[in-house]
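Residue numbers (the working numbering): 376 to 537.
Just so it is clear, CB atoms sit at the ideal spot from N, CA and C, and this is done for glycine as well.
Accompanying notes for the structure given below.
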Amino acid sequence: MDLLVSDAKEETFRLPKDPPDPRKLLVVDDEKYMLDIMEKYAENLGHTTVLFNDPKDALQWYTNHSDEVDIIISDQCMPDMNGCQLISNMKQCNQDKTFIIMTGHGQLTLTRKDTKDVHLLVRKPFDQKQFCLAIEDAVEERNKTVSRESDSTRQNPVRDFT
Numbered sequence: 376m377d378l379l380v381s382d383a384k385e386e387t388f389r390l391p392k393d394p395p396d397p398r399k400l401l402v403v404d405d406e407k408y409m410l411d412i413m414e415k416y417a418e419n420l421g422h423t424t425v426l427f428n429d430p431k432d433a434l435q436w437y438t439n440h441s442d443e444v445d446i447i448i449s450d451q452c453m454p455d456m457n458g459c460q461l462i463s464n465m466k467q468c469n470q471d472k473t474f475i476i477m478t479g480h481g482q483l484t485l486t487r488k489d490t491k492d493v494h495l496l497v498r499k500p501f502d503q504k505q506f507c508l509a510i511e512d513a514v515e516e517r518n519k520t521v522s523r524e525s526d527s528t529r530q531n532p533v534r535d536f537t
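In structure tokens, the structure reads:
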């Protein structure tokens, strides 16, 4: 499937034929049109989505359903709670998730403390290709996390190198 990528010049972006590792994404943005775009992009990649336009509603849902999603994508600038605050609260419920922050504010300064729980920062506007690359990166990070979890449950033999 070819999609037109909006950029300074026209080019086509070919979606992967068999998207690896379909995932469930929790997407939070106070702008409905952004939710619609990301839902479409995710579906094109074979992923499913849970969408919220209010971070408080998303957090409430997440506290009871954190095991149902793999990757959380949140806008940074939203009323009542910003994306980094939302992610910090979500980490208290379940630390084993991959978090992506989106921002349309070019001059926005985020400190290391703000982004300590964030895997990736994506600048708006983004296109299908950038979204695809961000999700692929997040899936790869998620797979590493799951692999580390399974490795830590195995017993490691004690070795004496003296």
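Go to residue i, then tell me how far its alpha helix (DSSP H) extends in each direction, as first and last residue.
{"i": "residue 420", "result": "Where residue 420 is concerned, there is no enclosing alpha helix (DSSP H), given that its DSSP letter is neither H nor E."}
With a threshold of 6 Å on Cβ separation, who are the neighbours of residue i within its own chain once the five nearest residues in sequence on each side are excluded?
{"i": "residue 423", "result": "399"}
{"i": "residue 517", "result": "445 and 473"}
{"i": "residue 438", "result": "468"}
{"i": "residue 404", "result": "410 and 450"}
{"i": "residue 433", "result": "403 and 427"}
{"i": "residue 425", "result": "401"}
Taking the continuous beta strand (DSSP E) assigned at residue i, which residues delimit it?
{"i": "residue 499", "result": "Unbroken run through residue 499: none, as it is neither H nor E."}
{"i": "residue 493", "result": "Looking at the DSSP string, residue 493 is not in any beta strand (DSSP E), and its letter there is neither H nor E."}
Please report the straight-line C-alpha distance between residue i and residue j, rounded to a whole angstrom.
{"i": "residue 477", "j": "residue 499", "result": "7 Å"}
{"i": "residue 414", "j": "residue 460", "result": "23 Å"}
{"i": "residue 458", "j": "residue 430", "result": "8 Å"}
{"i": "residue 465", "j": "residue 454", "result": "17 Å"}
{"i": "residue 416", "j": "residue 452", "result": "21 Å"}
{"i": "residue 519", "j": "residue 511", "result": "12 Å"}
{"i": "residue 443", "j": "residue 504", "result": "26 Å"}
{"i": "residue 448", "j": "residue 441", "result": "13 Å"}
{"i": "residue 427", "j": "residue 491", "result": "23 Å"}
{"i": "residue 470", "j": "residue 396", "result": "20 Å"}
{"i": "residue 479", "j": "residue 406", "result": "12 Å"}
{"i": "residue 421", "j": "residue 436", "result": "23 Å"}
{"i": "residue 507", "j": "residue 412", "result": "12 Å"}
Which one or two residues does DSSP pair with residue i in a beta bridge?
{"i": "residue 407", "result": "BP columns for residue 407 are empty, so no partner."}
{"i": "residue 412", "result": "None; residue 412 has no bridge partner."}
{"i": "residue 402", "result": "426 and 448"}
{"i": "residue 476", "result": "449 and 496"}
Quick one: residues in its chain with C-beta nearer than 8 Å to the C-beta of residue i, no 5 flanking neighbours on either side, listed in chain order?
{"i": "residue 501", "result": "477 and 509"}
{"i": "residue 462", "result": "447, 449, 474, 476, 492 and 493"}
{"i": "residue 418", "result": "424"}
Please return the same chain residues whose Cβ sits closer than 7 Å to the Cβ of residue i, not counting the five positions on each side in sequence.
{"i": "residue 513", "result": "446, 473, 475, 494 and 495"}
{"i": "residue 456", "result": "430 and 431"}
>> Ignoring anything shorter than 3 residues, give me the beta strand (DSSP E) runs that lie fully in the segment 422-471, in order along the chain.
In response: 423-427 and 446-450
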